[in-house]
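Peer 1:
Numbering (my numbering), first residue to last: 37 to 156.
Now the structure itself:
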């Protein structure tokens, strides 16, 4: 449902007292959502609230699955090895809705530092 947020979930997230971010005013690409694979259970809440279509939920990559602890692997398998990815992270405007909507608290907004065009 990218591009079509769940209005009720988004409304609850928007009023959350711990909501981080720039209230959807950050320059696109300045912040990036980072998903903690060891916590994400692929429940789609980030997809449901993101107004910019940044997220998708799909099967966890084998290389990432291999890095999990035994307990984290078990939990991932129980949830179908689903996890959230941010293939359109450059569209993020740091509204923070995904951070507070995530039931596992698996998403953080991180300021993205672009590489300098020249070294001085």
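Note that beta-carbon positions come from the ideal geometry of N, C-alpha and C, so glycine has one too.
Taking only runs of the alpha helix (DSSP H) that begin and end inside the stretch 99-142, which ones reach a length of at least 4 residues, in chain order?
Peer 2: Taking only runs of at least 4 residues, the alpha helix (DSSP H) segments lying wholly in the stretch 99-142 are 106-114, 133-137.
Peer 1: If we ignore side chains and look at the alpha-carbon of each, how far apart do residue 71 and residue 55 end up?
Peer 2: So the two alpha carbons sit approximately 16 Å from each other.
Peer 1: Excluding the five sequence neighbours on either side, which residues of its own chain have a C-beta within less than 6 Å of the C-beta of residue 64, listed in chain order?
Peer 2: Correct list, in chain order: 127, 129.
Peer 1: How is the alpha helix (DSSP H) around residue 48 delimited, first residue to last?
Peer 2: Here the alpha helix (DSSP H) through residue 48 covers 43-50.
Peer 1: Could you give the residue range of the alpha helix (DSSP H) that holds residue 85?
Peer 2: Residue 85 -> alpha helix (DSSP H) spans 81-85.
Peer 1: Would you please state the rounded distance, in angstroms, between the beta carbons of residue 165 and residue 68? I believe it to be under 8 Å.
Peer 2: The structure shown does not extend to residue 165, since the chain is modelled only from 37 to 156, so the question has no answer here.
Peer 1: Once you ignore the five residues that flank residue 50 on each side, which residues in its own chain have a CB closer than 7 Å to its CB?
Peer 2: Same-chain partners within the cutoff: 133.
Peer 1: Roughly how many angstroms lie between the CA atoms of residue 98 and residue 147, to the nearest whole one?
Peer 2: So the two alpha carbons sit approximately 27 Å from each other.
Peer 1: Just how far apart, CA to CA, sit residue 88 and residue 105?
Peer 2: Straight-line Cα distance between these residues: approximately 32 Å.
Peer 1: Identify which residue in 90, 95, 44 has its Cα closest to the Cα of residue 145.
Peer 2: The residue with the shortest Cα to Cα distance from residue 145 is 90.
Peer 1: Tell me where the beta strand (DSSP E) around residue 92 begins and ends.
Peer 2: Note, residue 92: beta strand (DSSP E), 92-95.
Peer 1: Is residue 66 helix, strand or coil when you go by DSSP?
Peer 2: In the structure shown, residue 66 sits in coil (DSSP, three-state: anything other than H, G, I, E or B).
Peer 1: Measuring only the C-alpha atoms, how far is residue 80 from residue 149?
Peer 2: Answer to the nearest angstrom: the Cα atoms are 28 Å apart.
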